[in-house]
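Asks: Numbered by our numbering, the letters in the sequence shown go through residues 125 to 318 in order.
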Amino acid sequence: MKTNEIKLKRGQLYWYILEIIGATLISGGNPLRPIIPVAIKEIVESLKKIRNLNVEETKVRKSLEKLESKEIIDLEEKGDNIFVKLKDKNNLTVIKYSTKALLNFKRKAKHWNKKWFLVFFDVPEIQKNKRDYLRRFLVYIGFYQYQKSIYIFPYECENEIKLIKKIVEGAKYIKYIIAEKIEDEKLVKQYFKL
Numbered sequence: 125m126k127t128n129e130i131k132l133k134r135g136q137l138y139w140y141i142l143e144i145i146g147a148t149l150i151s152g153g154n155p156l157r158p159i160i161p162v163a164i165k166e167i168v169e170s171l172k173k174i175r176n177l178n179v180e181e182t183k184v185r186k187s188l189e190k191l192e193s194k195e196i197i198d199l200e201e202k203g204d205n206i207f208v209k210l211k212d213k214n215n216l217t218v219i220k221y222s223t224k225a226l227l228n229f230k231r232k233a234k235h236w237n238k239k240w241f242l243v244f245f246d247v248p249e250i251q252k253n254k255r256d257y258l259r260r261f262l263v264y265i266g267f268y269q270y271q272k273s274i275y276i277f278p279y280e281c282e283n284e285i286k287l288i289k290k291i292v293e294g295a296k297y298i299k300y301i302i303a304e305k306i307e308d309e310k311l312v313k314q315y316f317k318l
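Next up, the structure:
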């Protein structure tokens with residue numbers, strides 16, 4: 125597989141790296157090999173495999189140093205290797221980007237078992253800003269808005285929802301359901317390209 129030599133937009137590599145680091149933590153290992161902490165070389169390999177990007181280690185290192193200055197990660201040298209550790213596994217920024225990366229990975233795998241995974245919530249009106257944020261968050265990570273407070277995903281995502289419930293304000297009101305049949309299924313299938 126040929127990797128892209130395209131010029132990334134400003135800050136794009138930073139977010140791609142954050143996705144990989146976070147997905148490594150949440151899944152218990154990166155898509156190549158189950159190692160935590162993550163070495164820079166493994167991040168470069170993950171970018172090739174997941175994003176089809178060919179990025180120099182020096183560019184990855186610069187982005188990691190930026191993440192370290194924001195106190196999201198720690199860089200640790202061991203012999204010839206530099207390893208990356210998350211400072212706080214419950215960092216909302218990390219959760220947001222890594223959850224999106226994991227759900228995208230499930231969509232690309234295309235192993236649909238003909239079930240629908242729904243989340244719905246009833247956040248009190250007094251917490252309207254939390255409710256609005258939760259709606260934007262679910263759409264951002266890849267859910268389809270089925271109704272105003274009901275969102276659908278075609279692949280199992282219980283662990284991701286448990287994590288969101290722990291971290292995202294207002295998500296404690298989320299309920300998780302697995303359905304075998306839904307109305308307007310054709311429309312939802314088109315959205316997810318099933």
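Yeah, the Cβ is synthetic: ideal placement off N, Cα and C, and Gly gets one too.
Should Lys224 and Tyr264 be called a contact, given that it needs their Cβ atoms to be closer than 9 Å?
Replies: A contact, by the Cβ cut-off of 9 Å.
Asks: Is DSSP giving Asp256 helix, strand or coil here?
Replies: Residue state, collapsed to three classes: helix.
Asks: Decide if Glu166 is buried, meaning its Cβ has at least 16 other Cβ atoms within 10 Å, or exposed.
Replies: Result: buried.
Asks: With a CB to CB cut of under 8 Å and the five nearest residues on each side skipped, what residues in its chain are close to Tyr138?
Replies: So the list reads Ser187, Lys190, Leu191, once near-sequence residues are dropped.
Asks: Given a cut-off of 9 Å, decide if Phe261 and Ile299 are closer than it, judged by their beta-carbon atoms.
Replies: In the sequence under discussion, the amino acid at residue 299 is Lys, which differs from the Ile named in the question. Result no, Cβ atoms of Lys299 and Phe261 do not sit closer than 9 Å.
Asks: Give a yes or no on whether the C-beta atoms belonging to Lys254 and Glu284 are separated by under 9 Å.
Replies: Cβ distance not < 9 Å, so Lys254 and Glu284 don't count as in contact.
Asks: What is the residue span of the beta strand (DSSP E) that Lys299 lies within?
Replies: Element bounds for Lys299: 298-303.
Asks: Can you give the Cα-Cα distance for Val247 and Tyr270, rounded to whole angstroms?
Replies: Those two C-alpha atoms are separated by around 17 Å.
Asks: In three-state terms, what does DSSP make of Trp236?
Replies: The answer is coil: DSSP assigns Trp236 none of H, G, I, E or B.
Asks: So Lys296 packs on Lys286, CB below 8 Å; how close in whole Å?
Replies: Actually they are not in contact, since the Cβ atoms of Lys296 and Lys286 sit about 11 Å apart, beyond 8 Å.
Asks: To the nearest angstrom, report how far apart Leu156 and Glu304 are at their CA atoms.
Replies: In this prediction, Leu156 scores a pLDDT of 38, lower than 50, which makes its location untrustworthy; the coordinate-derived value is nonetheless stated afterwards. Whole-angstrom Cα-Cα distance: 33 Å.
Asks: For the alpha helix (DSSP H) that Glu282 lies in, which residues bound it at each end?
Replies: That run of the alpha helix (DSSP H) goes 282-291.
Asks: Tell me which residue opens and which closes the alpha helix (DSSP H) that Lys202 is part of.
Replies: Taken as a continuous stretch (DSSP letters only), Lys202 belongs to no alpha helix (DSSP H), being part of the beta strand (DSSP E) at 197-202.
Asks: Do you know how far the Cα of Lys238 is from the Cα of Glu201?
Replies: Roughly 46 Å between the two C-alpha positions.
Asks: Taking the straight line between their C-alpha atoms, what separation do you get for Lys272 and Ile144?
Replies: Cα to Cα, the separation comes out at about 31 Å.
Asks: Looking at the structure shown, is Leu318 part of a helix, part of a strand, or coil, going by DSSP?
Replies: Of the three classes helix, strand and coil, the one that applies to Leu318 here is coil, per DSSP.
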